[in-house]
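Residue numbers (our numbering), protein chains in the order written: chain A, 59 to 260; chain B, 59 to 260; chain C, 59 to 260; chain D, 59 to 260. Glycine residues also receive a C-beta, built at the ideal position from the N, C-alpha and C atoms.
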DNA sequence: CATGAATGAGATTTCATTCAT
DNA sequence: CATGAATGAAATCTCATTCAT
């Protein structure tokens, strides 16, 4: 039976705090002292749990990728009989994205912006995550084609990346807002689903 | 009559070089000495033309925004009689984007990734640019509605931002490739226009 | 009746271990954690027996000096009737030196090299030890003069220090070797005794 | 025609100063700030001339080895007709050693004591120097045998190392004194030459 | 104007020491 | 007694910026 060690809790606390501070000020503008101060802890303490600053950033990246992945993973492509079922699932995935965004608004922001140029090892992680997300989205599209909901001749990978781009742009746009109203949320959702399925043309 | 001053040429050289070095190594991993070395100039010289490193970064950001803006500005919404004209214009804009991407592949990358978290003043510029691009795209959409090409009830701002998100995602995806074939370029263009106008649904 | 306290045993264990680790890595490259790890003991425990790291180093120095002193002390200048007796005793002292060297090869090394520049208090101890060893050697020389074995007009202190220098150089040279053969041992012994008593001149 | 660059002078100044401070306090107890303060220079300046602290220590070691080597090198084994010539040369070498000692009393001290355990690269340099000195001394002994001044069956390498040990011990002993009188200098010289050539036995 | 030597603020990191458990 | 989590002083090193030449 796995016991949760106290040092694991500490590690998690540090990563969560570092996530917040990085999101606020960016990796390079954040000093170890900043993180320690936020935790109200001596800065030497951080080194009891992580080798160095990069090690923390790496864990922060893992955390972010894990969280974002949850959204996509939990809604697995299941039994979908009609295009409306498919549309419904798209809506659910969109909803989860918005929830995530409300819960921790800087999640995607830190993933795609703040984490650039920290270190090649982190860049590699992010590109891998990006490709992972694309392959998830692509799987949905392929299923849609298989079920006969979507046009059979689309470029699934390119479409998947473009769709993800929309989602991230949304996330970016929303992370700038102070508050997200139900109205704007609905507007976003409608817009994205319309673009994906129906297009804007009359 | 405005004369081009020698010092303006110098400034431009520095900004161009800084752009390249920032794109290569990222702002925080680039030292003033790196830029000076690339220019084969004493690093003290940079301070004759710019107040400090941030000042240079600011000018680089301006340059990048200006260049990207050119793409959108030059293709002004003109006389479009049919949906096919509209579709054709979308294609032209897309083409210009690809050309820009081929010409200086790191342009958008530096704009949205490397420039994050240098300084609030730069972040503000980028958000402004992002909104500017959105308003350009939105203008196209409104024109499309006006002409009766597009659905009249779409959320134009959200759609504009989502569309731009697709373009930036494309740019990001392409900037990872070593080489862009005519085939993949066509695939991207088809995909984006399909998503914008027709959607993926059968 | 003096009882041996458990805490004294502990202290001794720590000093022995510290000696080994210092000899291996040098004082400054050895952390308290290193010593504690070697002892399989919490590093806080060391502070139950010693005030601080310097305190340990001081005790290590005492230990080393004590051990080296044993070699000289045990062979007290006794009844020596002839120059050959004297020569024999020199040989015995030499042998004990080699044995010590084989037993703990880094003993002299730690004394004269690693212990330098830890702290003035330790430097003082080492200088005192050095002078003590010189006075021991000088006593032998004086006895040799008294017995009529040695030239009466030699500078006994200088000669004593020079002789000790030979011994330490030997120790240093041997501590570099992986293995000491019986042959090289004999070569060293012959050489030193020749230098002391007969000189190299024909 | 080789010009002496100003930066070479600076480097030399730093090495000389570092030599003094290391000799005074030892490598590990000397901070970059200490060296800079002694030079009345910002500590950042040191990094314009050396990569890091080890780089400085390495140069200091080179300097010391070079200086000590001069003593041995300049008195090359030349034309020696009689044992008295040989004895005279030994005396001259001894004299040079004393002069070196008076000139910079901490030279040998820093070489054999302070430089231990800084870094394997430095240890290697010192061992190489030690062996170099031994081979020089051995060459003298071999010449002495060849000329028929010395016993033909001595172990030249061991004898060379033992003799050098005497010299270093002398140096060490003298570096402890505040002042070296002509008398004590003569005593040392007599003692060493006696030990080398004639031995102490009657 | 151009230069690059000098500077020191500020960052990361180590580790001896303390002390609550 | 033993422990090891926490601490922060102190060290090394980087680099944007200044300024005398």
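In the structure shown, residue 260 of chain A adopts coil according to DSSP, grouped into three states. In chain order, 196 place their CB closer than 6 Å to the CB of residue 215 of chain B, counting only its own chain and leaving out the 5 sequence neighbours on each side. For residue 244 of chain B, the enclosing alpha helix (DSSP H) has its first and last residue at 240-251. For residue 257 of chain A, the nearest CB of chain B lies under 9 Å from its own CB, placing it at the interface with that chain. For residue 193 of chain D, no chain C residue has a Cβ inside 9 Å of its Cβ, as the nearest lies near 13 Å away.
Within chain A, not a single residue places a beta-carbon under 7 Å from that of residue 143 of chain B; the smallest gap is close to 13 Å. With a threshold of 9 Å between beta carbons, residue 172 of chain B makes contact with chain A. Under the 9 Å criterion on CB atoms, residue 107 of chain A is classed as non-interfacial with respect to chain B. Distances from the alpha-carbon of residue 250 of chain D to those of C/223, C/235, C/243, C/237 put C/223 closest. The three-state reading of DSSP puts residue 208 of chain C in strand, counting E and B together. If you ignore the 5 residues before and after residue 238 of chain C, its C-beta comes within less than 7 Å of the C-beta of 160, 232, all in its own chain and listed in chain order. Taking C-beta separations shorter than 8 Å and ignoring five residues to either side along the sequence, the partners of residue 203 of chain A in its chain run 209, 210, 212, 214, following chain order. Rounded to the nearest whole angstrom, the C-alpha separation of residue 256 of chain B and residue 72 of chain A is 47 Å. Here residue 105 of chain B is exposed: its Cβ has fewer than 16 other Cβ atoms, across all protein chains shown, within 10 Å. One Cα belongs to residue 225 of chain A, the other to residue 236 of chain A, and the distance between them is close to 19 Å. When rounded, the separation of the alpha-carbon atoms in residue 120 of chain C and residue 198 of chain D is 39 Å. In chain order, 81, 229, 230, 233 place their CB closer than 8 Å to the CB of residue 167 of chain D, counting only its own chain and leaving out the 5 sequence neighbours on each side. Scanning D/122, D/111, D/142, D/113 for the CA closest to the CA of residue 206 of chain D turns up D/142.
By the 16-neighbour rule on beta-carbons within 10 angstroms, residue 140 of chain B is exposed. Taking C-alpha positions only, residue 138 of chain A is separated from residue 70 of chain B by approximately 58 Å. For the C-beta of residue 77 of chain C, not a single chain D residue is nearer than 7 Å; the gap to the nearest is close to 15 Å.
Under the Cβ distance rule, residue 223 of chain D counts among the residues neighbouring chain C, one pair being separated by less than 9 Å. When C-beta atoms of the region 181-190 of chain A are compared with those of the region 181-197 of chain B, fewer than three pairs fall below 8 Å, so the two segments do not count as touching. For the C-beta of residue 226 of chain A, the chain B residues within less than 8 Å are, from N- to C-terminus, 223, 227.
For residue 163 of chain D, the three-state secondary structure derived from DSSP is coil. For a cut-off of 8 Å, the C-beta gap from residue 85 of chain A to residue 176 of chain A is around 5 Å, short enough to register as a contact. When Cβ-Cβ separations below 9 Å define contact, residue 149 of chain B makes no contact with chain A.
A distance below 7 Å between beta-carbons, with the five flanking residues on each side excluded, links residue 100 of chain C to the following residues of its chain, in chain order: 94. Nearest CB-CB separation between residue 100 of chain B and chain A: not below the 9 Å threshold. Of the residues assessed, residue 102 of chain D falls on the exposed side of the cut-off, its CB having fewer than 16 other CB atoms within 10 angstroms.
Here DSSP, grouped into helix, strand and coil, assigns residue 176 of chain A to coil. Assignment of residue 101 of chain D by DSSP, reduced to helix, strand and coil, places it in the helix class. For residue 242 of chain B, the nearest CB of chain A lies under 9 Å from its own CB, placing it at the interface with that chain.
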